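Per our numbering, the very first residue in the sequence shown carries number 467; after that it's consecutive.
Virtual Cβ for every residue (Gly too), placed ideally from N, Cα, C.
If you're wondering where the values come from, they're calculated on a predicted model, not measured in any experiment.
Before any comments, here is the structure.
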Amino acid sequence: MNSSRLSDHPDRYALAHEIHARPFPALEAPARVAYLAMERAERDSGQGDRAALLRLLDHFGAAHPQPEATHYSGQLGRYVLKWELHTEFVTYTLWHSGTDRHPFDPAEFDAFPEGWLAGLSGRRMTSALIDIRDMATPGALAEYLEAHFIAESVACSVVLEDQLTIAGDFRIDSAGHLRFAIFAGEAVGERRIGRVMQRLCEIETYKSMAMLGLAGSRSLGPDLNRIEARLNAITGSLEEAETASEAALGALLALSTELEALGARFSYRLAATRAYAAIVTQRIEILRERPLGGRQTFAEFMLRRFDPAMRTVKATDQRLQALSERVWRVAALLRTRVDIERSAQSQALLESMDRRADLQLRLQHTVEGLSVVAISYYAVNLALYVLGPGAAALGVGKGVLAAVLAPVVLILAWVLIRRLRARFGGDH
């Protein structure tokens with residue numbers, strides 16, 4: 467079969483290229499790395515971040531990437547630049563071979579033009595200096611760690627089948643940067659060194675992004691405390707018979723609206739924190755650490771310092787969801803109570819209407835009786851006017867005639883009214 471006749475999905479090539487995008491850098495020891503992660507200037511299109519990259523490339527006279535590129539690697543003089551555009555941040559990794567400066571010299575960032583750094587519109591999420599050097603003896607390694615890291619925080623381990631040693635204390639130094647060190651054995655290839663360097667940068671960046679969730683959780687705490695106190699007060703008041711159910715239901719709906727607003731405001735950050743934390747854990751697992759000299763590994767450091775923060779974020783997220791569910795449960799109970807109260811009110815109203823209808827019926831019967839009497843009275847008088855002269859001629863007095871006519875007229879009037887009521891209103 468000729469495959470050229472097949473119709474490709476419009477995104478086939480783009481998706482295939484995405485798998486191979488963002489290649490790992492290639493570095494050989496010794497080398498120095500300056501790493502910068504900035505908050506995205508424009509999350510919608512990234513044009514501001516691409517414009518910043520183009521200004522940097524123009525400063526060094528380097529070629530531009532494709533207009534919609536999300537990553538770039540290229541030579542900038544004696545340096546190599548790796549640029550990546552992510553959903554919430556953009557990273558710049560700049561490195562060069564050699565050790566012409568002291569380890570962790572902030573002058574490594576001088577490779578970024580001063581005016582260019584000042585013109586970045588985003589805010590710095592993290593920055594780091596990475597010192598890559600040949601494998602050291604245990605004694606030399608101990609002296610190095612003591613000289614450049616905080617002893618109580620330093621994490622150091624051998625990784626990837628003991629071919630490399632990594633170290634870092636996740637502290638911000640006086641120049642505003644974090645410090646990491648990579649010690650590479652003689653047989654370690656430059657791409658493996660580049661992968662480890664990239665992993666360290668990713669661990670630090672995603673850790674910093676995940677910690678934004680902790681700040682959000684702390685700011686959310688007072689609002690949740692206040693809402694929970696109001697919810698407890700409303701729930702407690704439901705045991706009191708005199709509590710107005712509809713007023714309580716309105717207060718609950720207001721709480722639900724407030725919780726929905728908080729969820730809309732923080733849901734993205736809480737979800738992003740979970741994703742970033744998972745990436746940090748994954749990147750550390752890939753390193754396949756082994757403890758060195760009784761020092762804590764990166765995984766142990768995260769277990770003690772990072773994981774509790776993530777559990778706090780998770781607990782806040784769960785608390786927000788639990789409060790929302792609790793509000794709706796109490797609201798459902800209140801709606802049931804309101805429905806029952808309204809049903810009772812409707813029943814009482816129907817009973818009142820029945821009583822009024824019964825009174826009206828009795829009154830109607832009374833009025834009917836009076837109507838029969840009144841109609842009969844006038845009918846008898848009319849009959850006397852008509853029949854009186856004839857009765858007088860026959861010698862029948864008016865009183866006798868009235869006595870004879872009255873019962874007949876009363877019976878006829880009563881029968882007529884009964885028929886009319888049966889025809890138009892029913893006989894009750």
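What residue does the beta strand (DSSP E) around residue i start on, and which one ends it?
{"i": "V624", "result": "621-625"}
{"i": "F649", "result": "644-650"}
{"i": "A503", "result": "497-505"}
{"i": "A633", "result": "630-634"}
Considering only C-alpha positions, which residue in the set the options is nearest to residue i?
{"i": "I700", "options": "V874, V793, C667, F649", "result": "V793"}
{"i": "A500", "options": "G581, F646, D628", "result": "F646"}
{"i": "R803", "options": "S640, L704, L547, T739", "result": "L704"}
{"i": "A606", "options": "D635, F649, R637", "result": "F649"}
{"i": "R656", "options": "Y843, P873, L493", "result": "This sequence places Glu at residue 656; Arg is not what is there. Nearest of Y843, P873, L493 to E656, Cα basis: L493."}
{"i": "Y843", "options": "A528, K780, P873", "result": "P873"}
{"i": "C622", "options": "I616, G634, H614", "result": "G634"}
{"i": "A896", "options": "I659, D639, E724", "result": "There is no way to answer for residue 896, as the model of the chain reaches only from 467 to 894."}
{"i": "T536", "options": "Y545, V546, A517, L542", "result": "A517"}
{"i": "F732", "options": "P579, I693, G687, L520", "result": "G687"}
{"i": "D515", "options": "V556, A641, V870", "result": "V556"}
{"i": "F615", "options": "K780, R761, M591", "result": "R761"}
{"i": "I693", "options": "Y734, A869, T723, L586", "result": "T723"}
{"i": "Q748", "options": "V546, A775, L547, R665", "result": "R665"}
{"i": "A879", "options": "L472, R498, Q629, S837", "result": "S837"}
{"i": "P900", "options": "I632, H552, L522", "result": "No statement about residue 900 is possible, as the shown extent of the chain runs from 467 to 894 and does not include it."}
{"i": "A840", "options": "E534, R544, I883", "result": "I883"}
{"i": "H525", "options": "P579, G863, V654", "result": "P579"}
{"i": "I745", "options": "K673, E550, D824, W582", "result": "K673"}
{"i": "I877", "options": "Y851, A845, G856", "result": "A845"}
{"i": "M601", "options": "Q629, R589, G588", "result": "Q629"}
{"i": "G759", "options": "A503, A608, R801, R471", "result": "A608"}
Name the two residues that bound the continuous alpha helix (DSSP H) containing residue i.
{"i": "S674", "result": "656-703"}
{"i": "A606", "result": "604-614"}
{"i": "A765", "result": "764-767"}
Could you tell me how far apart the beta carbons of residue i and residue j are, in whole angstroms, since I believe they sit closer than 8 Å?
{"i": "A797", "j": "L715", "result": "6 Å"}
{"i": "E755", "j": "F764", "result": "6 Å"}
{"i": "L753", "j": "L626", "result": "7 Å"}
{"i": "D562", "j": "A594", "result": "Note that residue 562 is His in the sequence shown, not Asp. Their Cβ separation, rounded to whole angstroms, is 16 Å, which puts H562 and A594 out of contact at 8 Å."}
{"i": "I659", "j": "A495", "result": "7 Å"}
{"i": "L697", "j": "L721", "result": "6 Å"}
{"i": "T671", "j": "T592", "result": "6 Å"}
{"i": "H530", "j": "L520", "result": "6 Å"}
For residue i, which residues in the same chain have their Cβ closer than 8 Å to its Cβ, ignoring the five residues on either side in sequence?
{"i": "P489", "result": "S539"}
Hey, is residue i's beta-carbon within less than 8 Å of any beta-carbon in chain D?
{"i": "A717", "result": "Absence of chain D from the displayed structure is noted, only one protein chain being present."}
Among residues of its own chain, excluding the 5 on either side of residue i, which ones have a beta-carbon nearer than 7 Å to its beta-carbon?
{"i": "M467", "result": "At M467, the pLDDT of 47 sits below 50, so the modelled position is not reliable; the number obtained from the coordinates is stated separately. Excluding sequence neighbours, M467 sits near nothing in its chain."}
{"i": "L690", "result": "R785, L786, L789"}
{"i": "S685", "result": "none"}
{"i": "V779", "result": "G679, L680, S683, L736, T739"}
Which residues in the same chain as residue i place their Cβ atom closer than 6 Å to its Cβ, once the five residues preceding and following it in sequence are excluded?
{"i": "A676", "result": "T739, Y742, A743"}
{"i": "A641", "result": "P572"}
{"i": "D576", "result": "none"}
{"i": "Y610", "result": "none"}
* 3 or more residues per run - each beta strand (DSSP E) lying fully within the region 522-593 -> 537-542, 545-551, 555-563
* What residue ranges within the region 770-828 form continuous alpha helix (DSSP H) runs of no fewer than 4 residues, ordered along the chain? -> none
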